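**Student:** Before I ask anything, here is the structure I am working with.
Protein chains: 2
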Amino acid sequence: MRTLTTKGAATRQRIVEGAAETIRERGVMDTTLDDVRARTRTSKSQLFHYFPGGKEELLLAVARFEADRVLADQQPHLGELTSWAAWRAWRDRVVERYREQGRQCPLNVVMSQVGHSTPGAQAVVTELMLRWEAEIAAGVRHMQAAGEIDPGIDPGQAAAALLAGIQGGVLLHLSTGRLTHLEAALDMGIRHLRDSAPRVSPPYGAGA
Amino acid sequence: MRTLTTKGAATRQRIVEGAAETIRERGVMDTTLDDVRARTRTSKSQLFHYFPGGKEELLLAVARFEADRVLADQQPHLGELTSWAAWRAWRDRVVERYREQGRQCPLNVVMSQVGHSTPGAQAVVTELMLRWEAEIAAGVRHMQAAGEIDPGIDPGQAAAALLAGIQGGVLLHLSTGRLTHLEAALDMGIRHLRDSAPRVSPPYGAGA
DNA sequence: GGCAGAATGGACCGGCAAGTCCAGACGACG
DNA sequence: CGTCGTCTGGACTTGCCGGTCCATTCTGCC
């Protein structure tokens with residue numbers, strides 16, 4: 001059943017991207033298959049041809065599409081957190097990404113509809129978060145190896161906290177329209193890591 | 209405005225709570241007015257009698273209801289962040305609250321549907337966040353006055369970062385089912401404040 | 001007790017959107 | 001050049017769900 005010709009694959013892709021765009025503009029709630037059909041200049045039968053599971057399956061595909069973009073947009077910075085300058089560049093990139101995106105997080109939107117019910121959609125987000133966190137943790141470890149971060153810090157925990165701050169910052173950006181929370185969370189998180197560094201000597205009173 | 213008898217007010221309240229429960233169980237998407245009607249043993253006409261604006265107005269009332277609970281559940285700790293022990297108690301209370309609640313955040317669920325479209329619902333969340341952040345900031349200021357936090361730290365920014373961490377932690381709890389992110393964010397945030405103290409204090413979490 | 005207005009019951013409507021179906025065009029491959 | 005499976009078009013069905021309406025019952029008040 002998964003025999004797609006190149007033409008078919010292109011159509012499928014067009015549907016996913018068109019659906020993603022429509023959802024970004026109007027939200028999942030107000031996005032009907034007919035909207036997608038109109039935008040992508042396809043027919044009902046094509047939608048169900050490529051997504052036999054109907055709307056749910058399409059939404060899942062959109063979620064994957066958006067999830068991939070999230071990490072891709074942070075590269076190459078996220079993959080090379082090997083200096084404080086790199087951390088700074090990454091931090092700026094994240095903020096910039098969400099500034100550009102405006103008050104919307106397509107993935108969050110999709111998830112809020114499908115996420116709770118279907119395990120499939122939940123897996124998409126969970127996997128994204130895991131990869132994201134792993135990359136941050138790798139950066140922390142790298143800086144520890146370079147002596148720039150206190151080796152006593154648990155990289156996993158630090159990455160978890162940082163990721164939480166980012167997620168919350170984005171969430172607050174959606175509600176308030178301001179990026180201050182995202183920036184504050186990132187800055188505080190990174191600063192915490194920096195301050196932990198054994199600068200002169202162990203931070204017993206003299207440090208910072 | 210409409211005049212409500214005591215009986216009417218009770219019915220209205222019953223509808224809001226019933227709707228909130230239903231939404232918590234099934235999500236907004238799968239909650240119909242008929243579901244609410246059945247659970248609250250009311251009739252269609254009552255729903256529209258008390259919420260002339262229809263589903264949207266009801267959802268907004270539910271959002272307010274849930275928003276109030278969020279802060280209420282953190283009291284009295286949140287209002288009295290006057291010692292590290294109090295901060296610790298608050299932190300534990302927040303984690304506990306979301307542990308009890310399980311993998312769901314009714315407010316987030318409601319918001320994701322209504323939040324983007326209607327300014328009313330957005331105002332509910334924004335106001336909640338503002339109050340929340342203000343209380344945290346007050347706690348930071350109090351600790352600064354007590355010499356327990358570096359006076360150079362901007363209370364607003366610290367509160368913003370902490371709040372972002374909480375929100376993200378909760379969000380990740382929804383996806384992953386784990387509370388580690390929430391805990392990590394809270395612990396890191398508080399630890400950062402504590403480490404900033406101009407004088408040596410007992411380690412965070414060390415009791416006493 | 002009677003009347004204004006609130007509270008309730010439930011039948012009914014209208015529209016919309018997901019999903020179905022079949023007829024037919026296109027394209028690959030021998 | 002034929003034939004088979006993929007791809008496409010679009011009309012049609014179906015069921016649901018928000019919302020309306022009116023008839024009836026209750027409640028508070030004088």
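Residue numbers (the working numbering), protein chains in the order written: chain A, 1 to 208; chain B, 209 to 416.
For each residue, glycine too, the CB sits at the ideal point set by N, CA and C.
Keep in mind that this is a model prediction, so the values were computed, not measured.
How would you list, in chain order, the residues of chain B whose beta-carbon sits under 9 angstroms from the beta-carbon of L59(A)?
**Tutor:** Reading the first sequence from its first residue, position 59 is the one you call residue 59(A). Near L59(A) there are no residues of chain B at all, since even the closest Cβ is about 11 angstroms away, more than 9 angstroms.
**Student:** With a cut-off of 8 angstroms, do at least 3 Cβ pairs link the stretch 358-370 of chain B to the stretch 141-155 of chain A?
**Tutor:** At 8 angstroms Cβ cutoff, the stretches do not touch.
**Student:** Rounded to the nearest angstrom, what separates L4(A) and A38(A) at their Cα positions?
**Tutor:** Position 4 of the first sequence holds residue 4(A). Position 38 of the first sequence holds residue 38(A). Each residue's alpha carbon lies about 22 angstroms from the other.
**Student:** Is the CB of S409(B) under 8 angstroms away from at least one CB in chain A?
**Tutor:** By one-based count along the second sequence, residue 409(B) stands at place 201. For S409(B), the predicted structure reports a pLDDT of 49, less than 50, and the residue's modelled location is therefore unreliable. The matter cannot be settled from this model.
**Student:** With a threshold of 8 angstroms between beta carbons, is Q122(A) in contact with chain B?
**Tutor:** Counted from its first residue, the first sequence places residue 122(A) at position 122. Yes, because at least one Cβ of chain B sits closer than 8 angstroms to the Cβ of Q122(A).
**Student:** What's the call for R272(B), buried or exposed, on a 16-neighbour Cβ count within 10 Å?
**Tutor:** Locating residue 272(B) in the second sequence gives position 64, counting from the first residue. Buried is the call here.
**Student:** Pull up the distance between the alpha-carbon of G216(B) and that of A275(B), whole angstroms please.
**Tutor:** On the second sequence, position 8 is the one that residue 216(B) refers to. On the second sequence, position 67 is the one that residue 275(B) refers to. Spanning the two alpha carbons is a distance of roughly 23 angstroms.
**Student:** Using the Cα positions of P76(A) and S83(A), report the straight-line distance between them to the nearest angstrom.
**Tutor:** By 1-based counting over the first sequence, the position of residue 76(A) is 76. By 1-based counting over the first sequence, the position of residue 83(A) is 83. The alpha-carbon atoms of P76(A) and S83(A) are separated by roughly 13 angstroms.
**Student:** Strictly under 8 angstroms for the Cβ-Cβ distance: is L489(B) near chain A by that measure?
**Tutor:** Nothing about residue 489(B) can be read from this structure; chain B reaches only from 209 to 416.
**Student:** Report the residues of the stretch 372-395 of chain B with a CB closer than 7 angstroms to any CB of chain A, ordered along the chain.
**Tutor:** Going along the stretch 372-395 of chain B in chain order, one finds A372, G373, I374, Q375, G376, G377, L379, L380, S383, T384, T388, H389, L390, A392, A393 with a Cβ nearer than 7 angstroms to chain A.
**Student:** What's the gap between the Cα of Y306(B) and the Cα of A393(B)?
**Tutor:** As a first step, residue 306(B) must be located in the second sequence, where it is residue number 98. As a first step, residue 393(B) must be located in the second sequence, where it is residue number 185. Approximately 14 angstroms between the Cα atoms of the pair.
**Student:** When we look at the beta-carbon of P119(A) and count the other beta-carbons within 10 Å, is it buried (16 or more) or exposed?
**Tutor:** On the first sequence, position 119 is the one that residue 119(A) refers to. P119(A) comes out exposed.
**Student:** Let me make sure I understand the geometry here. Which of A331(B), G226(B), Q221(B), G385(B) has the alpha-carbon closest to that of L130(A)?
**Tutor:** Locating residue 130(A) in the first sequence gives position 130, where the first residue counts as 1. When each option's Cα is compared against that of L130(A), the closest is G385(B).
**Student:** Have a look at S383(B) and A20(A) and give me their C-alpha separation to the nearest angstrom.
**Tutor:** Locating residue 383(B) in the second sequence gives position 175, counting from the first residue. Locating residue 20(A) in the first sequence gives position 20, counting from the first residue. About 21 angstroms.
**Student:** For the 8 angstroms Cβ check, are there 3 or more pairs between the stretch 21-38 of chain A and the stretch 78-92 of chain A?
**Tutor:** Result no; under three Cβ-Cβ pairs closer than 8 angstroms.
**Student:** Tell me the DSSP secondary structure of I166(A) in three-state form.
**Tutor:** For the purposes of this step, residue 166(A) is taken as the residue at position 166 of the first sequence. Here I166(A) sits in helix by DSSP.
**Student:** Is I357(B) helix, strand or coil by DSSP?
**Tutor:** On the second sequence, residue 357(B) is found 149 positions in, with the first residue counted as 1. Coil, per DSSP.
**Student:** Given a cut-off of 8 angstroms on the beta-carbon distance, is the pair L279(B) and L289(B) in contact?
**Tutor:** The count along the second sequence starts at 1 and reaches residue 279(B) at position 71. The count along the second sequence starts at 1 and reaches residue 289(B) at position 81. No; because the gap between Cβ atoms is not below 8 angstroms, this pair is not in contact.
**Student:** DSSP three-state call for P203(A): helix, strand or coil?
**Tutor:** Locating residue 203(A) in the first sequence gives position 203, counting from the first residue. Caution applies to P203(A), whose pLDDT of 49 falls short of 50 and renders its modelled position unreliable; the model cannot decide the point.
**Student:** Going by other Cβ atoms of all chains shown within 10 Å of its Cβ, with 16 needed for buried, is M209(B) buried or exposed?
**Tutor:** The residue you call residue 209(B) lines up with position 1 of the second sequence. In this predicted model, M209(B) has a pLDDT of only 48, less than 50, meaning its place in the structure is not dependable enough to derive any value.
**Student:** According to DSSP, is T290(B) helix, strand or coil?
**Tutor:** Your numbering for residue 290(B) matches position 82 in the second sequence. Reduced to three states, the DSSP call for T290(B) is coil.
**Student:** What are the residues in the stretch 255-280 of chain B lying within 8 angstroms of chain A by C-beta distance?
**Tutor:** Here the close residues number zero.
**Student:** Please go through the same chain and pick out, in chain order, the residues whose beta-carbon is closer than 6 angstroms to the beta-carbon of A86(A), but skip the five residues on each side of it.
**Tutor:** For the purposes of this step, residue 86(A) is taken as the residue at position 86 of the first sequence. Excluding positions up to five away in sequence, the list reads E80.
**Student:** Should M129(A) be flagged as near chain B, meaning a C-beta pair shorter than 8 angstroms?
**Tutor:** Position 129 of the first sequence holds residue 129(A). At least one chain B Cβ lies under 8 angstroms of M129(A).
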